[in-house]
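Asker: Protein chains in written order, with the numbering used here: chain A, 113 to 379; chain B, -18 to 312. Glycine is no exception: its CB is placed at the ideal position from the N, C-alpha and C atoms. Being a predicted model, the structure only gives us computed values, none of them experimental. There's a structure below that I have some questions on.
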Amino acid sequence: MNILVCFKTVPDLEMLDDQDWVIDKNHQIDTSFLKPSLDIYDESALEIALTLLDASEKVKVPIELNALTIDGPGATPVLKTLKALRFKRVVRIDSQDDLRFKPRAIASVLTQYVRKQAPQDVLLLGRQTSVSENAKTHLLTAEMLGWPCITQVAGIELVDRSHLTVTSQVDEAWLQQRIQTPCVLSVGDAPNTYMRVPTLKDRMHHGKRPVETLSIGDFQLPEETEKLIDLEVTRHARPGILIQGETPEKKARKLYEVYLKERLQLL
Amino acid sequence: MIFKGILNGCSTNIASQAEELNAFIGQHLRSVDTTGSTIIFYSREDQKNALLGLTPTASVQLVRITRYQPENILEAIKTLEKEDRTELYVFPSGFEGSEIAVRLAFRLKGSSLVQVKQIQCSNEKLIAKKAVYASHVLASFQLTKKPYCVSLAKGGTDSQPIVKQDRMTVTELDMTHLHQDRFIKDSQSTPFKPARDLTRARFLVIGGNGIHSHENTQKLQRIAESIGADFGVSRPVAMHVWAPMHRLIGVSGAMTKADICLVAGVSGAAAFYAGIEKSKFIVAINKDIRAPIVKSADVAIIDDYKAVMNELYRIFHENKDTRFGEENETF
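Okay, structure coming up:
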């Protein structure tokens, strides 16, 4: 079973101070000084894929794990980590274009890659990235491929060469479904899926193999049907009054007496 | 503009979907030249009368299906679309609404946007706003092709109770023959453990990554409950499995509006803050004065949360506001 995990690196936006949130005339926010790291949902998708690889020997279903990102060279350290973690093909489609709000273009590239270059049985993606929050790429990819899609996936188990058991979150329940591949699976909040760290030995043995690089210019990009026209920073400021006191106990008493007591009586 | 609201009558949260849709229609679709109707999908015959009381428009289509599976819903809406020219489809917040909005727009060659907070519509165009950059930024998009398919953002509008329509036009359709979901071989559903609805909590204590362990999470929950508060957690706590997913607060979980919201060990990432920003009074307890939550709170204590919560427990006990009497539930 060939599994392709599509992922994105993003800046840690929580590292930005209030004054860093400046939008320029091209609708850009400068995050170039922040170290890119895996998007949280994509990280879960990668770890879930690795657990499938762990299980593949036990259930005697051979698996080939592949990973792909559309990004600049800044993603290279993450790609090398994935190599060290035994992803077989690790591909970067080189792009310096602003694809933040172009989920249709990204879905189209993924579709063309799967159809023309590297056939897959399962596509695994995070549900949305923190920067664009499009939450559409997995769905559009499924539509373009003509494959079914399951969203909010939290766990996957191998059944046989063409079936998986997928656990996903639906409104107020966990849903467990045995499904037939091919399919697109979009990972949501999946507990306990922080990505493992490769050993030094694995880094030495596998991490130095080259990353495949393709050019976005080799793919056709469709027009988006939704055009970004404005960005506006949202401010959340409240007074942020610091409660002073010599000890935490004294601060707690002041909190109760001055700020909570009356409010609690109104509940 | 001809619009349709789509509701999932198979879901246990149908009432909140309907109230959310009602509020959105009231805010954005009553002031312009619009004609609207509602499609409610349902699976049990005995639901019908109750569902008719949950429609925000005078015109409603009740569509019976075997179960709410996205492929079947898409096929059903496509079939209905042949009979009229809907220009705007509005889906409720939540996972299924977003999925169907995007896939439907693709199949009908329209445009889509998910997690929408506001729209401005005319006969010529639709502009929709949604949060991006982890809820730090509000983005405006112009949707260029009809039909426009949007799903609502969680907590984007205050819910608006439904007033039953005097004169309703009801049409019924049976689409139980649809089985577009053959890739699913079998399935079973496990409901989350019943919990109080955190969106309705008036006094809320929330623990974040700074509480460091499953044991501490449980202790904080016991203190919260003993002082009469509901208990929620930020995403890292749920991801570490220190607390179950149904206690999650933020864009992935509950969007709350408590009278008092006390957050301990939470850094205050914007995606979390969106889940408490409608609180009347926010208290942050954090060791780090630079944590974003400090500036986003009404008051803050910069100190160890354990000592502060222990003392709050004692104070509540002195004032006989605790539920557990003499039992020591503190850290």
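Can we say the region 0 to 7 of chain B touches the region 128 to 144 of chain B, given the rule of at least three CB pairs closer than 8 Å?
Answerer: yes
Asker: Does the region 258 to 275 of chain A come into contact with the region 183 to 201 of chain B, if we say contact requires no fewer than three beta-carbon pairs (one atom in each stretch) closer than 8 Å?
Answerer: no
Asker: Please determine if the region 323 to 331 of chain A and the region 239 to 257 of chain B are in contact, where contact requires at least 3 C-beta pairs separated by less than 8 Å.
Answerer: no
Asker: Taking 8 Å as the cut-off, does the CB of Pro310 of chain A come closer than this to any heavy atom belonging to the ligand SAM?
Answerer: In the structure shown, the ligand SAM is absent, as is every other ligand, since no ligand is present at all.
Asker: Rounded to the nearest angstrom, what separates Glu196 of chain B and Lys174 of chain B at their Cα positions?
Answerer: 20 Å
Asker: Roughly how many angstroms separate the alpha carbons of Val41 of chain B and Lys120 of chain A, rounded to a whole number?
Answerer: 42 Å
Asker: Say whether chain B places a C-beta atom closer than 9 Å to the C-beta of Phe213 of chain A.
Answerer: yes
Asker: In angstroms with no decimal places, state the Cα-to-Cα distance between Thr359 of chain A and Ile230 of chain B.
Answerer: Near 30 Å, if we compare the C-alpha coordinates of Ile230 of chain B and Thr359 of chain A.
Asker: According to the neighbour-count rule (16 or more other Cβ atoms, all chains shown, within 10 Å of its Cβ), is Glu245 of chain A buried or exposed?
Answerer: A residue is called buried once 16 or more other Cβ atoms fall within 10 Å of its Cβ, and Glu245 of chain A is buried on that count.
Asker: Using alpha carbons as the reference points, say which of B:Ser93, B:Val83, B:Leu(-12) and B:Pro37 lies closest to Arg11 of chain B.
Answerer: Looking at the Cα atoms, B:Pro37 is the closest of the given residues.
Asker: Alpha carbon to alpha carbon, how far is Val264 of chain B from Ile208 of chain B? Give it in angstroms, no decimals.
Answerer: 15 Å
Asker: If you check the beta carbons only, do Ile(-13) of chain B and Phe72 of chain B fall under 9 Å apart?
Answerer: Yes, the pair counts as a contact, with Cβ atoms nearer than the cut-off.
Asker: Nearest to Ile175 of chain A by alpha carbon, out of A:Arg201, A:Phe145, A:Gly184 and A:Thr346?
Answerer: A:Arg201
Asker: Starting from the N-terminal side, write out each stretch of the alpha helix (DSSP H) that is 4 residues or longer and does not extend beyond the region 302 to 374 of chain A.
Answerer: Contiguous alpha helix (DSSP H) elements confined to the region 302 to 374 of chain A occur at 312 to 318 and 360 to 366, taking only those with 4 or more residues.
Asker: Note down, in chain order, each residue of its chain lying with its Cβ closer than 8 Å to the Cβ of Gln292 of chain A, except the 5 sequence neighbours on either side.
Answerer: Ser274 and His275
Asker: Which complete beta strand (DSSP E) runs does the region 34 to 121 of chain B hold, if anything under 3 residues is left out?
Answerer: Fully enclosed beta strand (DSSP E) runs of 3 or longer: 40 to 45, 69 to 72, 92 to 102 and 107 to 113.
Asker: Check the Cβ-Cβ distances between Glu338 of chain A and every residue of chain B, and say whether any is below 9 Å.
Answerer: By this cut-off, Glu338 of chain A is an interface position.
Asker: Curious, which full-length alpha helix (DSSP H) runs of at least 4 residues does the region 134 to 191 of chain A contain?
Answerer: At a cut-off of 4 residues, the continuous stretches assigned as alpha helix (DSSP H) that sit fully inside the region 134 to 191 of chain A are 152 to 168.
Asker: Considering Cα atoms alone, identify which of B:Ile58, B:Leu133 and B:Phe312 is closest to Leu293 of chain B.
Answerer: B:Phe312
Asker: Please report how far the alpha carbon of Cys(-9) of chain B lies from the alpha carbon of Ser280 of chain A, in whole angstroms.
Answerer: 17 Å
Asker: Does the region 189 to 206 of chain A come close enough to the region 305 to 313 of chain A that 3 or more CB-CB pairs lie under 8 Å?
Answerer: yes
Asker: Would you list, in sequence order, the uninterrupted beta strand (DSSP E) runs of no fewer than 3 residues that lie entirely inside the region 189 to 251 of chain A?
Answerer: Segments of the beta strand (DSSP E) lying fully in the region 189 to 251 of chain A: 201 to 206 and 234 to 238.
Asker: Name the one or two DSSP bridge partners that Arg181 of chain B has.
Answerer: DSSP output for Arg181 of chain B lists no bridge partner at all.
Asker: Smallest Cα separation from Thr223 of chain A: which of A:Leu379, A:Ala349, A:Val370 and A:Val117?
Answerer: A:Val117
Asker: Can you list, in chain order, the residues of the region 124 to 154 of chain B whose Cβ is nearer than 7 Å to any Cβ on chain A?
Answerer: Correct list: Leu124, Thr125 and Lys126.
Asker: Does any residue of chain A have a CB that is nearer than 9 Å to the CB of His227 of chain B?
Answerer: yes
Asker: Please list, in chain order, all residues of the same chain as Lys170 of chain A whose beta carbon is under 8 Å from its beta carbon, the five residues on each side excluded.
Answerer: Excluding sequence neighbours, Lys170 of chain A sits near nothing in its chain.
Asker: Return the chain-ordered ranges of every alpha helix (DSSP H) run that is complete within the region 210 to 244 of chain B and spans a minimum of 4 residues.
Answerer: 216 to 220
Asker: Buried or exposed: where does Ile182 of chain A fall if 16 or more other Cβ atoms within 10 Å of its Cβ makes it buried?
Answerer: buried
Asker: Would you grab the beta carbon distance between Ile115 of chain A and Val299 of chain A for me? Rounded to a whole angstrom, and I think it's under 8 Å.
Answerer: Ile115 of chain A to Val299 of chain A, Cβ: 12 Å. No contact.
Asker: Leaving out the 5 sequence neighbours to the left and right, which residues in its chain are closer than 7 Å to Ala224 of chain B when beta-carbon positions are compared?
Answerer: Excluding sequence neighbours, Ala224 of chain B sits near Thr198, Val214 and Val218.
Asker: Using the beta-carbon count (16 or more within 10 Å), is Ile341 of chain A buried or exposed?
Answerer: exposed
Asker: Tell me, please, whether the CB atom of Cys261 of chain A is closer than 9 Å to any CB atom in chain B?
Answerer: Chain B, which has a Cβ nearer than 9 Å to the Cβ of Cys261 of chain A, makes this yes.
Asker: Answer yes or no: does any C-beta atom of chain A fall closer than 9 Å to that of His117 of chain B?
Answerer: yes
Asker: Who are the neighbours of Ser244 of chain A on chain B, taking C-beta pairs under 7 Å?
Answerer: Val113
Asker: In three-state terms, what does DSSP make of Asp269 of chain B?
Answerer: It is coil, neither helix nor strand.
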